[in-house]
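Respectively, the protein sequence lines represent chains E and P. The opening residue of the first sequence carries number 1 in UniProt numbering; numbering runs sequentially from there. The opening residue of the second sequence carries number 1 in UniProt numbering; numbering runs sequentially from there. Every residue gets a Cβ at the ideal spot worked out from N, C-alpha and C, and that includes glycine. None of these values were measured; they are calculated from a predicted model.
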Amino acid sequence: MAEKSSENRMSLERIQQIREFSLIGFIIILSIFVQFRNSNFLTMANLDDLLTNTAILSILAVGMMMVIITRGIDLSIGATLALSGMLTSMLVSVYPALHPLAALLIGTLIGFVSGSIIGLLVAKFNILPIIATLGMMNVFRGITFLISGGKWVSAYQMSDSFKSISTGSILGINNLIVISIFIYLVFYYFINYTRTGRKIYAVGSSPKSAKVSGINVTKITWLVYSIMGSLAGLSGVLWVSKFASAQSNTASGYELNVIAACVIGGISIAGGEGKVTGLLSGVLLYGILENALPMINVSPFWQNAIQGAVILIAVVVSALIKRKTGSSNKIRRED
Amino acid sequence: MKKIIIGMLVLLMLFTVVGAAAAQSGKYALVVKSAGNPFMEKVREGFENAISEVGGEAIYKAPAEPTVEAQIIMIEQLITQRVDAIAISANDPEALRPALQKAMSRGIKVLSLDSSVNPNSRMVHVNQADPEQIGRVQIQGIAEMIGGEGQIAVLSATSQATNQNLWIDWMKKELEKPEYDNIELVKVAYGDDLRDKSVSETEALLKSYPDLKGIIAPTTVGIAAAGKVLTDRDLVGEVYLTGLGLPSEMAEYIKNGVSPWMYLWNPIDLGYLAGYAAEGLVAEEITGEAGESFTAGDLGEKEVIKAGEGTEIMLGAPFRFDADNIDQWKEVY
């Protein structure tokens, strides 16, 4: 029995690897194709742009990945991002001397509070994640609108130090990229090597068995939404600093981009599955699409269609690979 | 809410006290979309200026929420008050018809401004945006900035946006003039009025066309996003930016020289023109038929033209915001 299950796990891991490699292969083919159409694509300057523009998406995707692994979804992150961005930038416009790190901290805190409310609704009151987050999405947007009175905070109202959060660089690398690398390192360790991190998978694979084996499912569920909220809050500050403008409808609908990046990265919507490395390639592919499509001179009508098609292909490939492993999965379940 | 209630009470008191005395001078009502809209506050300022110039009384009505129901109630009140004219910025083009037709049947002159109502529920519409002038003036602006030659690109909103597409058509027509022979429009990019996409599109323009000299962004989100990209890359004086933007959003980029100037309609002028149009209707100088003309105070002679099913009065060329006037406008809207 033990031998058999380890064999199964071997093949599962291998298939995960095949999946990731096929994604990386696809990224390489796509990059070569784009490079032929526009020779500016594979230049340092463009890669820098690409990574800088993908950084915020990648940060949000880490949080979304954990939520999706617990079989949840969070539609409120665009609104949380807007709320945190608006509040922080309004604060900066009143106190221009506010230290950038303090701004980041305040934004993250606002996100944490927003996320923990959602966590409570989902974990304690057992409200379906899609309903709870849809509701809170509107609540957060409404609050953002009320606080700002519908007005925008514009570039001239923000201090230079605040704007430099996303334009500055450390060792020649843009701050946004540095922050996102830092977050990936932290969460790679957290998800793979800490007890709490592993419990997230357990809750997602089977909430019932997780409960039986003594895992506090409520706490883990609350935790993932709180982390998601904190990351969205952090992203809000980064977003507002990057674009030097805060509106009530900032990042409206952005949650769908994040979910799409997760799906491309092999995070199963059914829960329990997904790896940080896979997510990284998913985010990268999404970032390349966003960056490359404007550069290859396709009609704007095609841009969306191509983006959608690539997402579908990624999901279909993942489903096909999964079907092949379906039989072995069944055996494992019977064990 | 409190402010509005107090405001209403004050207005009510004014009516009862002054009402009888002012009955002769003419009452001109302005109904806007909602309270607390900085743009509309400026429209009101212009409207009140015009009305005080003609010696009438201006009544300002602003619903707390931008709903058509609230506007209908206000129109009913104004009918009861027997105002002479109602100028409205509509929250819905169709739903106001019964109320406005009732007003017209009682002899009240009805006109719309900013956001129009159906031609059959108004006598004339005051349009802030003459698409032809808006398109042409942006080409004239960018041509002056880049010194009459070089590559330019347009960063628009969505590819289906009616306004923007119409303006871009006029830009292309302006470009056909021989004086622009050395200017090449290399691409119309679409930022979908999203910050992130507008930034990506601007970056792609800069990379795909290294000789690019100017960008026209006829959309508020696009022009601010492009301004940010050009600022971050320190392209002041190399790539020029103009278009249609909000003064508050563009203040930074106008002052740092990325965009020497840009355009948008002037809300004070819009209100002012609406005030004079209302006066013209009441004095029966015009009836809202195409071909008529009247003098709109400082704005000079204005003509009523046919537009679609109805008629319109065009405000004219958009207002130019540059380093000299941006500081006073950035607080406004």
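Here DSSP, grouped into helix, strand and coil, assigns Trp261(P) to strand. Residue environment for Ala270(E): exposed (fewer than 16 other C-beta atoms within 10 angstroms of its C-beta). Counting only runs that start and end inside the segment 187-248 of chain P, the beta strand (DSSP E) elements of at least 3 residues fall at 212-217, 240-243. Within the segment 281-300 of chain E, the residues whose Cβ lies closer than 7 Å to some Cβ of chain P are Glu290, Asn291, Pro294, Met295, Pro300, listed in chain order.
In this model, Val239(P) and Glu252(P) are separated by some 16 Å (Cα to Cα).
Counting the other Cβ atoms within 10 Å of the Cβ of Ser213(E) gives fewer than 16, which makes it exposed.
When secondary structure is reduced to three states using DSSP, Thr295(P) falls in the strand class. Residue pairing for His125(P): DSSP places it in a beta bridge opposite Ser112(P), Glu312(P). The criterion of a C-beta distance shorter than 8 Å is satisfied by Val126(P) and Ile313(P). Check the Cα spacing between Glu284(P) and each of Arg97(P), Thr219(P), Leu244(P), Met123(P): the tightest is with Met123(P).
In the DSSP annotation of this structure, Leu51(E) is not part of any beta strand (DSSP E); the continuous alpha helix (DSSP H) holding it starts and ends at 44-69. Counting every other CB atom within 10 Å of its CB across the protein chains shown gives Trp302(E) a total below 16, marking it as exposed.
When CB distances to chain P are screened at a threshold of 7 Å, not a single residue of the segment 302-315 of chain E falls below it. Excluding the 5 residues flanking it on each side, Pro218(P) has same chain C-beta neighbours closer than 6 Å at Gln164, Trp167, Gly243, Leu244, in chain order.
Counting C-beta pairs with one atom in each stretch, the segment 313-332 of chain P and the segment 251-265 of chain P have three or more that are closer than 8 Å, which means they touch. Chain P places no beta carbon closer than 8 Å to that of Ser148(E), leaving this residue out of the contacts.
Relative to Ile72(P), the option among Ile51(P), Val43(P), Leu155(P), Ala103(P) whose CA is nearest is Ala103(P). As the crow flies, the alpha-carbon of Thr70(E) is around 24 Å from that of Ser252(E). The Cβ-Cβ distance between Tyr286(E) and Ile267(E) does not fall below 8 Å. DSSP places Tyr225(E) in the helix class (H, G or I) of the three-state scheme. Within the segment 243-258 of chain E, contact with chain P at the beta-carbon level (separation under 9 Å) is assigned to Phe243, Ala244, Ser245, Gln247, Thr250, Ala251, Ser252, Gly253, Tyr254, Asn257.
As computed with DSSP, Asp84(P) is found in no beta bridge at all. Asn174(E) has a beta carbon lying at 8 Å or more from every beta carbon in chain P.
Assignment of Lys124(E) by DSSP, reduced to helix, strand and coil, places it in the coil class. Its chain contains Ile110 as the residues whose beta carbon lies nearer than 6 Å to that of Leu87(E), once the 5 sequence neighbours on both sides are disregarded; these appear in chain order. In the three-state reduction of the DSSP assignment, Gly150(E) falls in the coil class, being assigned neither a helical nor a strand state. Counting along the chain, Val54(P) sits inside the alpha helix (DSSP H) bounded by residues 38-54. In this structure the segment 239-247 of chain E does not lie against the segment 306-321 of chain E, because fewer than three pairs of beta carbons, one per stretch, are closer than 8 Å.
By the Cβ rule, the segment 26-37 of chain E does not count as touching the segment 151-164 of chain E, because fewer than three pairs are nearer than 8 Å. Distance between Asn38(E) and Arg233(P), taken at the CA atoms: about 21 Å.
For Glu179(P), there is no enclosing alpha helix (DSSP H), as DSSP marks it with neither H nor E. Classified as buried, Phe140(E) has 16 or more neighbouring CB atoms from the shown chains inside 10 Å of its CB. Residues of chain P whose Cβ lies closer than 8 Å to the Cβ of Tyr156(E) are, in chain order, Ser248, Ala251, Glu252, Lys255, Lys330. The count of Cβ pairs closer than 8 Å, one atom from the segment 47-67 of chain E and one from the segment 168-186 of chain E, reaches three, so the stretches are in contact. Interface annotation for the segment 205-238 of chain E against chain P: empty, criterion Cβ-Cβ distance under 7 Å. Nearest to Val32(P) by C-alpha distance, out of Met74(P), Ile51(P), Gln133(P), is Met74(P).
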